[in-house]
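K.L.:
Before I ask anything, here is the structure I am working with.
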Amino acid sequence: MIRMAPGLLLLWLLLPAFSQAQWLSQQADIMGTRISVELWHDDPTLGELAIAAVFDEFKRLDEKLSPYKSDSELSLVNRMAAESAIDISSELFQLLQESRKYSELTGGAFDITFASIGHQYDYRTGQKPDQQRTRQTLPLIDYRHIELDPERKTVRFLRKGVKIDLGGIAKGYAVDRGIALLRKRAIEHALISAGGDSRLIGDHRGRPWHIGIQAPRNKQAMAAVLPLSDSAISTSGDYERFFEADGVRYHHIITPRTGHSAKGVQSVTILAGNALRTDALSTSIFVLGAEAGMVLVDRLVDVEAIIIDQQGALLTSSGLDSLDKH
Ligand code: ADP
Ligand code: MG
13 MIRMAPGLLL
23 LWLLLPAFSQ
33 AQWLSQQADI
43 MGTRISVELW
53 HDDPTLGELA
63 IAAVFDEFKR
73 LDEKLSPYKS
83 DSELSLVNRM
93 AAESAIDISS
103 ELFQLLQESR
113 KYSELTGGAF
123 DITFASIGHQ
133 YDYRTGQKPD
143 QQRTRQTLPL
153 IDYRHIELDP
163 ERKTVRFLRK
173 GVKIDLGGIA
183 KGYAVDRGIA
193 LLRKRAIEHA
203 LISAGGDSRL
213 IGDHRGRPWH
223 IGIQAPRNKQ
233 AMAAVLPLSD
243 SAISTSGDYE
253 RFFEADGVRY
263 HHIITPRTGH
273 SAKGVQSVTI
283 LAGNALRTDA
293 LSTSIFVLGA
303 EAGMVLVDRL
313 VDVEAIIIDQ
323 QGALLTSSGL
333 DSLDKH
């Protein structure tokens, strides 16, 4: 047994009172979702500045990438790129290259040109394209219609009517940017989450972070809780943005091959090293479905998955056997 001198013991007990170090936590609504930052900092003032810097970065990316803002760089590309090659920022260029990478990796399940049809849905008002419109627009969904010139940093659409939307990776990318900002400020314990996309630095000071996976058909319940540190995690579900008509659930994840909402699973959770990857892959695996999805996950050594199928059964990839299922 270790003996402590009484004076030392007193100092140890009082130390927390002298130190200002603490957990800080703040939320903001940006990019159409709830952004939450939690971190540990020795100096609360600097900690709050760091959180503000993360929110500013989310706002900057929203201005640039939002399909709803007519003056965003993305909207400009959607308006002009079918006419001629457009000069774009190296940041947007890189995101388009990343998107192409995930399209190739997933056999086209991930495809930012889904928006050619996706933008005809309005999930709040229950608006959807009719069958004829879907059939006419379907040939426009193909990432190979996007021509990227790495030398000139230009983008061009090879067909009129092609539209793109980075909703499948933008939040993950923003989370990664936020984490990089915190790291630069020497923060060692932090969590950033943007709706379904989260990434954490370090642990929760001596114990893991605990991240819950929502039960898709019960807002009050968790399907599982994962103890995590130094990881990114994204969940894609059919319960976030959807409406029902004629017994069909129309939701915001589109199967590029059909132009319809992806069927087959209720939610997909992906674990990997960064949030762009987990964001892109959670959307992709949702499109691929449980069987083909797990085949892809097992091929990717740095990726694990938890899939909740249409019956509500929880399927896990081989690296997650010890999962705490609820
Ligand atoms: P959330 O936006 O709720 O985090 P996801 O990460 O699951 O959800 O991504 C869904 C978003 O991805 C949609 O809102 C849409 O912007 C985009 N998306 C939908 N289908 C595809 C697809 N097949 N490929 C790429 N992006 C898609
Ligand atoms: Mg996603």
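According to the working numbering, the residues represented by the sequence shown are 13 to 338, in order.
Think of the CB as a built atom: it goes at the ideal place given N, C-alpha and C, for glycine as much as any other residue.
Using 10 angstroms around the beta-carbon of Arg-289, count the other beta-carbons present and answer buried if the total reaches 16, otherwise exposed.
P.N.:
Buried, since its Cβ has 16 or more Cβ neighbours within 10 Å.
K.L.:
Check the DSSP bridge columns for His-222 and list the partner residues they point to.
P.N.:
Beta-bridge pairing links His-222 to Pro-239.
K.L.:
Between Glu-116, Thr-149, Gly-119 and Phe-255, which lies nearest to His-131 when the distance is taken from Cα to Cα?
P.N.:
It is Thr-149 whose Cα lies nearest to the Cα of His-131.
K.L.:
Quick one, which of Leu-312, Phe-254 and Thr-281 has its alpha-carbon nearest Gly-138's?
P.N.:
Among Leu-312, Phe-254 and Thr-281, the Cα nearest to that of Gly-138 is on Phe-254.
K.L.:
Spatial neighbours of Ala-29 within its chain, please: C-beta separation below 8 Å, excluding the five flanking residues on both sides.
P.N.:
For Ala-29, the pLDDT reaches just 49, beneath the cut-off of 50, and the residue's location in the model is therefore unreliable, leaving the point undetermined.
K.L.:
Identify the residues that DSSP records as bridge partners of Gln-39: which are they?
P.N.:
Answer by DSSP bridge pairing, in chain order: Ser-48.
K.L.:
Would you mind reading off the limits of the alpha helix (DSSP H) that contains Leu-88?
P.N.:
It spans 85-92 - the alpha helix (DSSP H) in which Leu-88 sits, taken as one unbroken run.
K.L.:
Can we count Asp-209 as close to the ligand ADP, meaning its CB is less than 7 Å from some heavy atom?
P.N.:
Checking every heavy atom of the ligand ADP against the Cβ of Asp-209, one is found closer than 7 Å.
K.L.:
Thinking C-alpha only, which one of Ala-227, Thr-125 and Ile-282 is nearest Lys-175?
P.N.:
For Lys-175, the nearest C-alpha among the options comes from Thr-125.
K.L.:
In this structure, how does DSSP classify Gln-323 when only helix, strand and coil are distinguished?
P.N.:
Here Gln-323 sits in coil by DSSP.
K.L.:
Provide the residue span of the beta strand (DSSP E) that contains Phe-255, from first to last.
P.N.:
Counting along the chain, the beta strand (DSSP E) containing Phe-255 begins and ends at 254-257.
K.L.:
Taking DSSP as the reference, what is the three-state secondary structure of Asp-154?
P.N.:
Coil.
K.L.:
Using 10 angstroms around the beta-carbon of Leu-108, count the other beta-carbons present and answer buried if the total reaches 16, otherwise exposed.
P.N.:
Buried, by the Cβ-count rule.
K.L.:
Could you check if Asp-41 is buried or exposed, using at least 16 other CB atoms within 10 Å of its CB as the buried criterion?
P.N.:
Looking at its Cβ environment, which holds fewer than 16 other Cβ atoms inside 10 Å, Asp-41 is exposed.
K.L.:
Determine the DSSP secondary structure at Ala-202, reduced to helix, strand or coil.
P.N.:
Strand.
K.L.:
Can you check which of these residues, Ser-248, Gly-285, Asp-291 and Thr-281, is closest to Ala-274 by C-alpha distance?
P.N.:
Among Ser-248, Gly-285, Asp-291 and Thr-281, the Cα nearest to that of Ala-274 is on Ser-248.
K.L.:
When we look at the beta-carbon of Glu-316 and count the other beta-carbons within 10 Å, is it buried (16 or more) or exposed?
P.N.:
By the 10 Å Cβ count, Glu-316 comes out buried.
K.L.:
Count the other CB atoms, across all protein chains shown, that sit within 10 Å of the CB of Tyr-185; report buried if there are 16 or more and exposed otherwise.
P.N.:
Buried is the call here.
K.L.:
Do you know offhand how far Val-277's Cα is from Asp-55's?
P.N.:
Cα-Cα distance, rounded: 45 Å.
K.L.:
Tell me which same chain residues have a C-beta within less than 7 Å of the C-beta of Phe-169, skipping the five on either side of it?
P.N.:
Closer than 7 Å at the Cβ level, and outside the excluded window around Phe-169, lie Ala-93, Ala-94, His-157 and Ile-158.
K.L.:
Kindly examine the ligand GDP and report whether one of its heavy atoms sits closer than 7 Å to the Cβ of Lys-140.
P.N.:
Within the structure as shown, the ligand GDP is missing, the only ligands being the ligand ADP and the ligand MG.
K.L.:
Round the Cβ separation of Ser-388 and Asp-209 to the nearest angstrom and send it over; I've been treating them as touching at under 8 Å.
P.N.:
The question about residue 388 has no answer, for the chain in this structure spans 13 to 338.
K.L.:
Quick test of your reading: Asp-4 and Gly-271, contact by CB under 8 Å. State the CB separation rounded to the nearest angstrom.
P.N.:
The first residue shown for the chain is 13 and the last is 338, placing residue 4 beyond what the model contains.
K.L.:
Closer than 8 Å, CB to CB, is Lys-172 near chain C or not?
P.N.:
Checking the listed chains, one finds no chain C in this structure; it contains a single protein chain.
K.L.:
So what does DSSP say about Ala-29, is it helix, strand or coil?
P.N.:
Note on Ala-29: pLDDT 49, under 50, position unreliable in the model; the coordinate value appears next. Three-state result, Ala-29: helix.
K.L.:
In whole angstroms, what separates the C-alpha of Asp-142 from that of Ile-129?
P.N.:
Straight-line Cα distance between these residues: approximately 11 Å.
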